[in-house]
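Per numbering that gives the first Met the number 0, the very first residue in the sequence shown carries number 0; after that it's consecutive.
Glycine included, each C-beta is placed from N, C-alpha and C at the ideal position.
Taking it in order: structure first as structure tokens, then the write-up.
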Amino acid sequence: MHLPTRITSLLPILMLAGAGWRVPGRVVGGEPHGIGPSAGPGGTVTGRVRFTGRVPKNPVMDMSAEPNCAARYKTMPHLQLVVVNPNGTLANVFVYVKAGLPAGATYASPASPVVLDQSACEHHPRVFGIMVGQPLEIRNSDPLLHNIKVLGRNNRTFNISLPAAGMTVTRTFTAPEVMLTFKCDVHGWMRAYAGVLPHPFFATTGTDGRFAIHGLPPGTYTVEAWHETFGTQTGTITVKANATATVDFAFARP
Ligand SMILES: [Cu+2]
């Protein structure tokens with residue numbers, strides 16, 4: 000793996016900076032990264048994803064096999080299997096247009112990468128969308144080895160070793176797939192999920208449980224909401240030009 004000289008020279012500094020880094024063990028809601036890339040003028044689909052019922056407790060991560068990770072936390076963090084926001088909504092829900100786009104329409108993928116960071120022995124973000132052909136920059140911000148494995152059904156499976164802080168590798172995906180699973184061979188608790196789509200009409204809920212998908216041509220669409228623990232739900236929505244249509248979802252503990 001090629002490591003640029005500039006990064007190599009920074010490694011000792013990055014490793015020193017990482018050595019004193021401690022993160023309180025708390026449930027971190029999804030970042031407010033919920034807006035998918037805009038596809039120009041058109042209608043908007045927006046909504047929120049509620050959670051009903053008793054909030055399940057996420058198990059504590061077992062970092063006993065990796066003291067270097069455990070040392071980063073004052074108290075052990077919890078798995079992020081279900082992240083319910085204080086307002087009763089659900090974070091880390093991937094919402095996307097599943098059907099209804101004009102037949103034969105194609106959409107250019109952005110040149111700007113989506114970044115998947117390995118930080119404090121977790122993937123960040125945990126749930127995200129990316130277009131077919133769009134670069135995914137996989138980065139290690141920890142001064143220890145992460146081995147990122149992608150388990151694809153439609154895309155080729157790969158396995159990337161990033162042994163030091165500051166290392167990055169870029170990959171692209173060739174086919175739509177909802178969802179691709181990312182794991183780390185070294186740290187069994189690490190998980191991330193990517194929705195790979197041939198269009199830009201997707202978003203992920205964050206700390207407010209909301210999503211917004213912009214730039215849809217007028218039409219009737221099937222919109223799907225995916226959650227790693229609760230599965231999928233679909234809704235049907237009609238979008239008019241320059242107008243906002245709302246579709247809400249609600250997941251409950253089975
Ligand atoms: Cu790892």
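Remark: C-beta atoms of Phe-210 and Val-113 do not approach each other more closely than 8 Å. Under DSSP, Val-81 takes part in no beta bridge, so it has no partner. Between Val-131 and Leu-196, the CB-CB gap stays under 8 Å. Take the alpha-carbon of Leu-144 and the one of Gly-165: they are about 11 Å apart. The continuous alpha helix (DSSP H) containing Asn-67 extends over residues 66-69. Between Arg-190 and Gly-52, the C-beta gap is not smaller than 8 Å, which leaves the two residues out of contact. When DSSP reads this structure, Gly-46 sits in a beta bridge with Phe-210. Within the same chain, Gly-99, Leu-100, Pro-101, Thr-237, Val-238 come within 8 Å of Gly-218 by CB-CB distance, once the 5 residues on both sides are set aside. Relative to the non-hydrogen atoms of ligand 1, the Cβ of Gln-79 never comes closer than 7 Å to any of them. A Cβ-Cβ distance of about 17 Å is found for the pair Phe-200 and Val-48, leaving them out of contact under the 8 Å criterion. It is roughly 13 Å from the alpha-carbon of Asn-146 to the alpha-carbon of Trp-188.
In the structure shown, Asn-86 adopts coil according to DSSP, grouped into three states. Fewer than three beta-carbon pairs drawn from the region 103-111 and the region 220-230 are found closer than 8 Å, and the two stretches are therefore not classed as touching. Taking C-beta atoms under 8 Å as the contact rule, Tyr-106 and His-198 qualify, at a distance of about 5 Å. Per DSSP, the beta-bridge partners of Gln-117 are His-122, Asn-139. Checking the DSSP bridge columns, you'll see Gly-187 has no partner listed. Rounded to the nearest whole angstrom, the CA to CA distance from Asp-207 to Gln-79 is 16 Å. Of the candidates Met-178, Asn-139, Pro-142, the residue whose Cα lies closest to the Cα of Asn-154 is Met-178.
Shortest Cα-Cα distance from Gly-151 to any of Gly-103, Ala-193, Ala-70 involves Ala-193. For His-198, there is no enclosing beta strand (DSSP E), as DSSP marks it with neither H nor E.
Taking a contact as a CB-CB distance under 8 Å, the pair Gly-103 and Phe-50 does not count as one, their CB atoms being some 38 Å apart.
By the criterion of a C-beta distance shorter than 7 Å, Ala-90 is surrounded in its chain by Gly-28, Gly-29, Val-82, Asn-84, Thr-204, Gly-205, Thr-206, Gly-208, once the five residues flanking it on both sides are discounted. In this structure, Asp-184 is the residue among Asn-139, Ala-202, Arg-125, Asp-184 with its C-alpha nearest to the C-alpha of Phe-157.
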